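Going by my numbering, the sequence shown opens with residue 4, and the numbers climb by one from there. We put the CB at the ideal spot given by N, CA and C, even for glycine. Just so we're clear, the structure is a prediction, and the values are computed from it rather than from any experiment.
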Amino acid sequence: GFLLPERLRYRYRLVGFEDAWVERVGRTVAEFTGLPHGAYRFEVESAHPRGDWGERRAVVEFVVPPQWWEHRWLQAMAVGVVLLLVWLLYRLRLRHLMHREQELAALVDERTRQIERQKSQLRDQSQEFERQAREDALTGIPNRRAFDEHLSRECARATRSGDPLSVIVADIDRFKAINDRWTHAIGDEVLRRIAAVLHQQCRPFDTVARWGGEEFALLLPSTPRDEALRVAERLRQTIEGLDFSDIDADLHVTMSFGLDTGVAVTAGDQDALMRRADEALYRAKANGRNRVEG
């Protein structure tokens, strides 16, 4: 080893931290930082440049003691102190809440007497607001919120009875072009007339709602897919034949329809039911508009 010592090969490993050998040539220093506490054994072997590793190895065993904060008794004590502080804070908070509860009880009694005097007025206002919240202001038919409520109820009923439940999503074709050519006021009138036709053509227990913009949604309880397809086709033909000559002889309106049907629909299936109907509507649009897909 005294001839060309810089070409000697070394390999080492630190058992307890990394069992794999690490080979170095001409380097006689190994550094390890951030070792967790515990017992370790450092082993070193050497060899000539083309020789085999020596049969003897140097071994150094040592122990890294834990830091003061790593002692289990100290950690247990810290946990105990934290738990004690949490308990004290809980007791203080509970006392504050009990005192606050007494104050609130007195305040609630006073407010209750005032509310009772205003209840009759609020009831009337509430009913009016409820109607407005579930009714589309432009067309007078139910809005999306009301439709969602009807859909949830019908899903629950279909689950109990096992009856099929169909939904139809309809969209006015090229409605933007109507607004651009005949103004938004004419577009609003088109929406009102189509909403009236859809409402008139459906059964009393069906739900027709404005889904948003120029899109409408229909809920058909106890209706299998074949019947729903016939309903959608009848509506499509009716809309296509509407006479708008009182507005403009060149004004013609068509609609695209997408539908889907579920059997024993659970409340958790209603989003999937609407999504499939919406996907069918997109297919109707992609396939040329003024058609029914389901």
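Open item on the list: Less than 8 Å between the beta carbons of valine 211 and isoleucine 144, yes or no?
Closed with: Taking the sequence shown and counting its residues from 1, one reaches residue 211 at position 208. Taking the sequence shown and counting its residues from 1, one reaches residue 144 at position 141. Their beta carbons are under 8 Å apart, which means valine 211 touches isoleucine 144 by this criterion.
Open item on the list: Our contact map puts arginine 16 next to tryptophan 24 with C-beta atoms below 8 Å; I'd like the distance itself, whole angstroms only.
Closed with: Residue numbering aside, residue 16 sits at position 13 when the sequence shown is read from its first letter. Residue numbering aside, residue 24 sits at position 21 when the sequence shown is read from its first letter. Arginine 16 to tryptophan 24, Cβ: 5 Å. Contact.
- [ ] Report the partner residues of glycine 143 according to the DSSP bridge assignment.
- [x] Mapped onto the sequence shown, residue 143 falls at position 140. Per DSSP, none; premise fails for glycine 143.
TODO: Please determine, among Gly37, Gly19, Pro52, the residue with the shortest C-alpha to C-alpha distance to tyrosine 43.
DONE: Counting from one through the sequence shown, the residue named residue 43 turns up at place 40. Of the listed residues, the one whose Cα sits closest to tyrosine 43 is Gly19.
Task: Where the beta strand (DSSP E) containing arginine 27 begins and where it ends - done: Stepping through the sequence shown from its first residue, residue 27 is reached at position 24. Its beta strand (DSSP E) spans residues 21-28.
Task: Minimum C-alpha distance to alanine 159 - residue among Arg27, Asp272, Thr31, Thr186 - done: For the purposes of this step, residue 159 is taken as the residue at position 156 of the sequence shown. That would be Asp272, whose Cα lies nearest to the Cα of alanine 159.
- [ ] May I ask which residues mark the beginning and end of the alpha helix (DSSP H) holding alanine 275?
- [x] Counting from one through the sequence shown, the residue named residue 275 turns up at place 272. First-last of the alpha helix (DSSP H) with alanine 275: 273-289.
Open item on the list: Determine whether the beta carbon atoms of glycine 261 and glutamate 296 lie at a separation below 8 Å.
Closed with: Translated into the one-based positions of the sequence shown, residue 261 becomes position 258. Translated into the one-based positions of the sequence shown, residue 296 becomes position 293. Contact flag set, yes.
Open item on the list: Please return the same chain residues whose Cβ sits closer than 7 Å to the Cβ of aspartate 229, not counting the five positions on each side in sequence.
Closed with: What you label residue 229 is simply residue 226 of the sequence shown in a count that begins at 1. So no residue of the chain qualifies.
Open item on the list: What ranges does the beta strand (DSSP E) occupy inside the segment 140-221, keeping only unbroken runs of at least 3 residues that lie completely in it?
Closed with: 167-175, 210-215
Task: Length of the line joining the Cα atoms of leucine 125 and glutamate 131 - done: Within the sequence shown, numbered from 1, the residue matching residue 125 stands at position 122. Within the sequence shown, numbered from 1, the residue matching residue 131 stands at position 128. Each residue's alpha carbon lies about 10 Å from the other.
Open item on the list: Pairs of beta-carbons, one from the segment 157-176 and one from the segment 208-222, closer than 8 Å: are there three or more?
Closed with: yes
- [ ] Name the two residues that bound the continuous alpha helix (DSSP H) containing valine 32.
- [x] To locate residue 32, count along the sequence shown from 1; it is residue 29. Neither: valine 32 is in no alpha helix (DSSP H) and is coded neither H nor E.
TODO: Name the two residues that bound the continuous beta strand (DSSP E) containing valine 66.
DONE: As a first step, residue 66 must be located in the sequence shown, where it is residue number 63. Segment 61-67, the beta strand (DSSP E) holding valine 66.
Task: Range of the contiguous beta strand (DSSP E) that encloses alanine 50 - done: Looking up residue 50 in the sequence shown gives position 47. First-last of the beta strand (DSSP E) with alanine 50: 41-50.
Task: Option nearest valine 28 by Cα separation, candidates Pro69, Arg14, Gln117 - done: Counted from its first residue, the sequence shown places residue 28 at position 25. With distances taken between Cα atoms, valine 28 lies closest to Arg14.
- [ ] Could you tell me if asparagine 290 is buried or exposed, where buried requires 16 or more neighbouring beta carbons within 10 angstroms of its beta carbon?
- [x] In the sequence shown, counting from the first residue as 1, residue 290 sits at position 287. Exposed: under 16 other Cβ atoms inside 10 Å.
TODO: Quick one: measure Cβ to Cβ for leucine 284 and aspartate 166, integer angstroms, because I've assumed they're closer than 8 Å.
DONE: Here residue 284 is taken as the residue at index 281 of the sequence shown, counted from 1. Here residue 166 is taken as the residue at index 163 of the sequence shown, counted from 1. With 8 Å as the limit, leucine 284 and aspartate 166 do not qualify as a contact, their Cβ atoms being about 24 Å apart.
Open item on the list: I need the boundaries of the alpha helix (DSSP H) containing valine 85, first residue and last residue.
Closed with: The residue labelled residue 85 in the question sits at position 82 within the sequence shown. Looking at the DSSP string, the run of the alpha helix (DSSP H) that includes valine 85 is 75-136.
Open item on the list: Closest to glutamine 204 by C-alpha separation, out of Asn182, Ala231, Arg184, Ala136, would be which residue?
Closed with: Counting from one through the sequence shown, the residue named residue 204 turns up at place 201. Of the listed residues, the one whose Cα sits closest to glutamine 204 is Ala231.
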